[in-house]
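Peer 1:
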Amino acid sequence: MEEEKKESFFSYIIMFVLAIALALLIRTFVFSSNAVSGVSMNPSFKDGDRLISLVFPLYYRDPDYGDVVIIDSPIEENKEYIKRILGKPGDSIKIHDGNVYRNDEKLTENYIEDGLETGIYNLDSWTLDKDEYFVMGDNRLPGKSADSRAFGPITRKSIRGIVRFRYWPLSQFGIIGGTDD
33 MEEEKKESFF
43 SYIIMFVLAI
53 ALALLIRTFV
63 FSSNAVSGVS
73 MNPSFKDGDR
83 LISLVFPLYY
93 RDPDYGDVVI
103 IDSPIEENKE
113 YIKRILGKPG
123 DSIKIHDGNV
133 YRNDEKLTEN
143 YIEDGLETGI
153 YNLDSWTLDK
163 DEYFVMGDNR
173 LPGKSADSRA
183 FGPITRKSIR
193 GIVRFRYWPL
203 SQFGIIGGTD
213 D
C-alpha cells in the first residue's frame, strides 16, 4: 500500500513537470497571451485588452506592413510593447506635415483617429537597414506612444509575436488582421 502511494505521488509530480514544460514550449514556439497596458495603441486597442499573439509565423515569414506586433522594449528591460509595423528592411520613412511617408508615398492610416497628426520626437526621417523595422503606436497624440520615433528602428529578433486575436473585452472578441494600404 505504501509503495502505491509513492508511485502515485511521483506520477503526479511527473505530470506536473510535463504540463509546465508543455506550457513553456507552447508559449515560446506557438502563441502567447498579452495584455495591453497604456494608451499607445488607442483607438485600436485599449488599456486592459487581452490579446493572443502568434509566434510560429515568425519562423517562416517576416512581419508585414500593418501587422500589430509584440516587441521587446528597447528602453525598458523585461518589458514588451505592442506596436504596428510601418516600415520594413530597406524602406525609408519620413514624417512631414503630420503625415507618415514610406518610400515617398503618403500612408493612409485608417487605424488612427481622424484629424490627428503624427508628430516627431528627434528625427523626421529614417532609412532602415536589412534587419530593421519601423514601428509606431496608433495613438499619435504628443507623448502617448514610445515607438521608433523615440527609440529608432527595431531589429527582427526583438519581434516576439504577431497579434491575431482579441479575447477581452468580449464586445471586441475576434480576429485581428494587419491594416495597411
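With the numbering used here as the guide, the letters of the sequence shown map in order to residues 33 to 213. C-beta: ideal position from N, C-alpha, C; glycine also. Bear in mind that the values here come from a model prediction, so they are computed numbers and not experimental data.
#1: Of all the options R188, Y97, Y143 and L56, which has the alpha carbon lying nearest to the alpha carbon of F77?
#2: Beta strand (DSSP E) containing R198: first to last residue?
#3: Would the beta-carbon of I84 fall within 7 angstroms of that of Y97?
#4: Taking D156 as the reference, give the member of G209, K126 and D104 with the closest Cα.
#5: Grab me the residues of D129's own chain with a C-beta within less than 6 angstroms of its C-beta, minus the 5 sequence neighbours each way, in chain order.
#6: Who are the near neighbours of I52 in its chain, counting only those whose CB is closer than 6 angstroms to its CB and skipping five residues on each side?
#7: Applying the 10 Å Cβ sphere with the 16-neighbour rule, what's the burial state of R93?
#8: Thinking C-beta only, is S72 closer than 7 angstroms to N171?
#9: What does the alpha-carbon distance come out to for the pair E149 and I46?
#10: Go to F205, then tell me how far its beta strand (DSSP E) extends in each direction, as first and last residue.
#11: Let me know if D81 comes out buried or exposed under the rule of 16 or more other beta-carbons within 10 Å of its beta-carbon.
#12: Which of the three DSSP states, helix, strand or coil, is assigned to D212?
#13: Classify M73 as helix, strand or coil using the three-state DSSP reduction.
#14: Could you check whether P106 and K162 sit closer than 7 angstroms to each other, using their CB atoms as the reference points?
#15: Would you check if the distance between the CB atom of I102 and the CB atom of R192 is smaller than 7 angstroms?
Peer 2: Working from what's here:
#1: Taking the sequence shown and counting its residues from 1, the one referred to as residue 77 is at position 45. Residue Y143 is the option with its Cα nearest to F77.
#2: Within the sequence shown, the letter at position 166 stands for residue 198. From DSSP, the beta strand (DSSP E) with R198 extends over I191 to W200.
#3: For the purposes of this step, residue 84 is taken as residue 52 along the sequence shown, with counting starting at 1. For the purposes of this step, residue 97 is taken as residue 65 along the sequence shown, with counting starting at 1. No; because the gap between Cβ atoms is not below 7 angstroms, this pair is not in contact.
#4: By one-based count along the sequence shown, residue 156 stands at place 124. Here the closest residue by C-alpha is K126.
#5: As a first step, residue 129 must be located in the sequence shown, where it is residue number 97. No residues qualify anywhere along the chain.
#6: As a first step, residue 52 is located in the sequence shown; it is residue number 20 there, counting from the start. Excluding sequence neighbours, I52 sits near nothing in its chain.
#7: Indexing the sequence shown from 1 puts residue 93 at position 61. The residue in question, R93, is exposed, as its Cβ has fewer than 16 Cβ neighbours within 10 Å.
#8: By one-based count along the sequence shown, residue 171 stands at place 139. By one-based count along the sequence shown, residue 72 stands at place 40. Yes, the Cβ-Cβ distance between N171 and S72 is below 7 angstroms.
#9: Counting from 1 along the sequence shown, the entry for residue 149 is found at position 117. Counting from 1 along the sequence shown, the entry for residue 46 is found at position 14. Rounded to the nearest angstrom, the two C-alpha atoms are 56 angstroms apart.
#10: By one-based count along the sequence shown, residue 205 stands at place 173. Looking at the DSSP string, F205 is not in any beta strand (DSSP E), and its letter there is neither H nor E.
#11: Locating residue 81 in the sequence shown gives position 49, where the first residue counts as 1. D81 is buried by the Cβ-count criterion.
#12: In the sequence shown, the residue the question calls residue 212 occupies position 180. Note on D212: pLDDT 49, under 50, position unreliable in the model; the coordinate value appears next. Reduced to three states, the DSSP call for D212 is coil.
#13: Stepping through the sequence shown from its first residue, residue 73 is reached at position 41. Under the three-state reduction of DSSP, M73 is assigned to coil, being neither helix nor strand.
#14: For this step, residue 162 is matched to residue 130 along the sequence shown. For this step, residue 106 is matched to residue 74 along the sequence shown. Their beta carbons are not under 7 angstroms apart, which means K162 does not touch P106 by this criterion.
#15: Walking along the sequence shown from the start, residue 102 turns up at place 70. Walking along the sequence shown from the start, residue 192 turns up at place 160. The answer is yes: Cβ separation under 7 angstroms.
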